[in-house]
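In the numbering used here, the protein residues as written are -17 to 258.
A virtual CB, placed ideally from N, CA and C, is assigned to each residue, including glycine.
To start, the structure itself, in structure tokens.
Okay, structure coming up:
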């Protein structure tokens, strides 16, 4: 993909701790048995003796999307906690907290792809345990995948050992399923992480934590119309929008959200694209 290399405006981070994902409840129950991860490689037919098989061309989108090696480098000077990207370019990031029913996640991803949008999914580790195939589904759709703790508990209230287990638990699942821990960590049940959580996340390999500047409170299920209106009222160039899998109102609101952004000349990109 082509990434703009223009100068990045300094992004700022607030130090105040604000509540986010306030319900803290898992949105979908795990199935009786975990789904098996399905490989997507196709089997090649035997080559004809009269015409040798053409030279194979590797497809990086099937083998390396979302891995650290495939991501563009971030510019210097970013804060520890990122709330938004540059305000001088017509794009923003739609980020989704990853848990809930897989069918709703699939519907959201398909809707985004139909509109040419790419999103960032911050997955809960226990959700990946229940639905491991969704990790590859997210990356194979051109989206970005990150860490939103293992169990979605109140990480700001945990001691160092508990918080480390939350961060490392999800990181290990991402690595096992995709080959990478992902670039982004977002604390659970908080918009901004405590200093302790920042230090522990950085120690785990996440130099920058991902916050947001737009919160339509879709996890409170206010209805699709209110979710769409809240995004339209708050989002602007450079915004990072916090949304959630597992809520039918969010699924219903997404087509209208994308239409609104298109009319305003704003494009939804991954967080790494937003910042680079």
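Given residue i, which residues of its chain have a CB within under 7 Å of its CB, disregarding the five upstream and five downstream residues?
| i | result |
| --- | --- |
| residue 127 | 48, 103, 105, 117, 120, 121, 156, 160 and 164 |
| residue 146 | 182 |
| residue 142 | 178 and 182 |
| residue 221 | 66, 74, 195 and 196 |
| residue 254 | 53, 54, 126 and 165 |
| residue 72 | 219, 247, 248 and 249 |
Who are the near neighbours of residue i in its chain, counting only those whose CB is closer than 8 Å to its CB and skipping five residues on each side?
| i | result |
| --- | --- |
| residue 55 | 258 |
| residue 76 | 94, 99, 101, 102, 223, 225, 239 and 250 |
| residue 186 | 146, 149, 150, 153, 163 and 167 |
| residue 217 | 74, 196, 223, 243 and 248 |
| residue 275 | There is simply no residue 275 to check, as the chain begins at -17 and stops at 258 in what is shown. |
Restricting to Cα atoms, I'd like to know which of the options is closest to residue i.
| i | options | result |
| --- | --- | --- |
| residue 130 | 215, 148, 214 and 256 | 148 |
| residue 241 | 255, 142 and 211 | 211 |
| residue 109 | 101, 249 and 134 | 134 |
| residue 231 | 200, 238, 253 and 239 | 200 |
| residue 235 | 214, 186 and 207 | 207 |
| residue 173 | 80, 136 and 203 | 136 |
| residue 62 | 220, 256 and 184 | 184 |
| residue 209 | 70, 83, 238 and 140 | 238 |
| residue 252 | 246, 187 and 125 | 125 |
| residue 246 | 219, 229 and 233 | 219 |
| residue 233 | 254, 204, 187 and 59 | 204 |
| residue 84 | 73, 229 and 175 | 229 |
| residue 214 | 186, 188, 248 and 202 | 248 |
| residue 132 | 144, 71 and 187 | 144 |
| residue 176 | 186, 153, 123 and 140 | 140 |
| residue 64 | 123, 188 and 216 | 188 |
| residue 78 | 256, 91 and 138 | 91 |
| residue 123 | 89, 256 and 138 | 89 |
| residue 107 | 216, 154 and 87 | 154 |
| residue 171 | 217, 138 and 60 | 138 |
Go ahead and pull the three-state DSSP assignment for residue i.
| i | result |
| --- | --- |
| residue 179 | helix |
| residue 199 | coil |
| residue 208 | helix |
| residue 224 | strand |
| residue 88 | helix |
| residue 190 | coil |
| residue 171 | coil |
| residue 139 | helix |
| residue 77 | strand |
| residue 117 | helix |
| residue 249 | strand |
| residue 132 | coil |
Counting along the chain, where does the alpha helix (DSSP H) carrying residue i start and finish?
| i | result |
| --- | --- |
| residue 104 | Run containing residue 104: none in the alpha helix (DSSP H); it sits in the beta strand (DSSP E), 102 to 105. |
| residue 234 | 230 to 245 |
Where do the N-terminal and C-terminal ends of the beta strand (DSSP E) with residue i fall, by residue?
| i | result |
| --- | --- |
| residue 128 | 126 to 129 |
Give every residue of the same chain whose Cβ lies closer than 6 Å to the Cβ of residue i, excluding the five residues on either side of it in the sequence, and list them in chain order.
| i | result |
| --- | --- |
| residue 60 | 190 |
Would you call the stretch 92 to 100 and the stretch 113 to 121 in contact, with 3 or more CB pairs under 8 Å?
-> As far as the Cβ criterion goes, the stretch 92 to 100 does not touch the stretch 113 to 121, which means the pair count is below three.
Tell me, please, whether the stretch 181 to 196 touches the stretch 162 to 170 by the rule of three or more beta-carbon pairs shorter than 8 Å.
-> Contact between the stretch 181 to 196 and the stretch 162 to 170 is present, because at least three Cβ pairs lie under 8 Å.
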